[in-house]
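Residues 1 to 231 in UniProt numbering are what the sequence shown lists, from first letter to last.
Down below is the structure, laid out as structure tokens.
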Amino acid sequence: MLLSVNIQEAGYSRQFPTLKNLRFSVSPGELVGLIGPNGAGKSTTVKSIMGIIHHFKGDIDVNEYAYIPERPIFYAQLTLWEHIDFLFSTLATTDETAFFQKAHELLDLFNLSAAAHSYPERFSKGMQQKMMLVLAFLKQAKLYLVDEPFMGLDPKAVKKLLLKLEEEKEAGAGILMSTHVLDTAEKICDRFILISGGKLIVQGTLNDIRKLSHLKNGSLLDCFDALTEDY
Ligand SMILES: Nc1ncnc2c1ncn2[C@@H]1O[C@H](COP(=O)(O)OP(=O)(O)OP(=O)(O)O)[C@@H](O)[C@H]1O
Numbered sequence: 001m002l003l004s005v006n007i008q009e010a011g012y013s014r015q016f017p018t019l020k021n022l023r024f025s026v027s028p029g030e031l032v033g034l035i036g037p038n039g040a041g042k043s044t045t046v047k048s049i050m051g052i053i054h055h056f057k058g059d060i061d062v063n064e065y066a067y068i069p070e071r072p073i074f075y076a077q078l079t080l081w082e083h084i085d086f087l088f089s090t091l092a093t094t095d096e097t098a099f100f101q102k103a104h105e106l107l108d109l110f111n112l113s114a115a116a117h118s119y120p121e122r123f124s125k126g127m128q129q130k131m132m133l134v135l136a137f138l139k140q141a142k143l144y145l146v147d148e149p150f151m152g153l154d155p156k157a158v159k160k161l162l163l164k165l166e167e168e169k170e171a172g173a174g175i176l177m178s179t180h181v182l183d184t185a186e187k188i189c190d191r192f193i194l195i196s197g198g199k200l201i202v203q204g205t206l207n208d209i210r211k212l213s214h215l216k217n218g219s220l221l222d223c224f225d226a227l228t229e230d231y
């Protein structure tokens, strides 16, 4: 198991916890979709796994991970290449040649080579998001925590991201991905965790979700709609 989550309570105030009684796990080679309406608690779940939620009761067992944030996070004073250099200095890996070769490949893949020595503050939103992808894939972690990754990416970049996720999965990584892009999630995720109002509604394959929502051939969106009706 790469990730085992048992949240009894988590949130931003002790009196009104955002999440309650949420249990799930992610195994090697699995892409698990974390879905739910706005404000359902997806980001709070990801932050709980990362250990940055103040009010927390429960147990999280998590391997070393790479995080792809919903909104780009970077140091304004460092160029993209300096971020890559800095990342190398924080990793246990000693194979410098392989690391920097991979950095060049990823920059090339996401069309960022020409921007490598520029400051990310001046990048477009999509370029900043692609920079997050490059840094995450460079970590070569066994577990990926991905929070709404498609925002701001052009269709080509989305396709490349999906290919990279598939590649990592084939290589045995586990991925937890929160997203609102349900038609894509339906195509690529092995399982889903549907939350609403901070509670688990259902977890399982699309077929499990179809059964529960009584929609035999329903799309993930139809099932989502049916199961979050009172939202
Ligand atoms: N920093 C914060 N302080 C206080 N409350 C917060 C904070 N961040 C989120 N919340 C609240 O926690 C609840 C869950 O928010 P969260 O961001 O986890 O939802 P989400 O499912 O990721 O939503 P979205 O799809 O809109 O990104 C919301 O009611 C939100 O207002």
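Built from N, CA and C at the ideal position, the CB exists for glycine as well.
Item                                                                                                             : Value
Nearest-angstrom Cα separation, counted from Gly198 out to Ala226                                                : 17 Å
Beta-carbon proximity check, Gly33 vs Cys189, cutoff 9 Å                                                         : yes
Contact the segment 114-131 vs the segment 72-79: 3+ CB pairs below 8 Å                                          : yes
Lys57 (DSSP reduced to helix, strand or coil)                                                                    : strand
Spatial neighbours of Glu70 in its chain, beta-carbon cut-off 6 Å, leaving aside the 5 residues before and after : Asp147, Glu148
Counterpart residues of Glu9 in DSSP-defined beta bridges                                                        : Lys20, Lys57
Backbone secondary structure at Val32 - three-state DSSP                                                         : strand
Cβ-based burial, Gly172 [other Cβ within 10 Å; buried from 16]                                                   : exposed
Whether Ser178 touches Thr228 by CB criterion (9 Å)                                                              : no
Proximity test, His180 beta-carbon vs ligand 1 heavy atom, cut-off 8 Å                                           : yes
Gly126 - DSSP class collapsed to helix/strand/coil                                                               : helix
Straight-line Cα distance separating Gln129 from Leu87                                                           : 17 Å
Neighbourhood of Lys160 by C-beta, 7 Å cutoff - its chain only, sequence neighbours within 5 removed             : Leu109, Phe110
Test: Cys189 CB closer than 9 Å to a CB of chain B                                                               : In summary, chain B is missing from the structure at hand, where a single protein chain is found.
Selection from Ile53, Ile68, Met131 that minimises the alpha carbon distance to Arg14                            : Ile53
Thr93 beta carbon near ligand 1 (any heavy atom closer than 8 Å)                                                 : no
Candidates Lys42, Thr18, Tyr67, Leu220, of which the one nearest Leu182 by Cα                                    : Leu220
Rounded separation between Cys223 and Gln8 - CA only                                                             : 26 Å
Whole-number beta carbon distance between Ala115 and Met127, since they are thought to touch under 8 Å           : 6 Å
Cutoff 6 Å; reference Phe150; Cβ partners in own chain excluding five residues on either side                    : Val158, Val181
Helix, strand or coil at Val146 [DSSP, three-state]                                                              : strand
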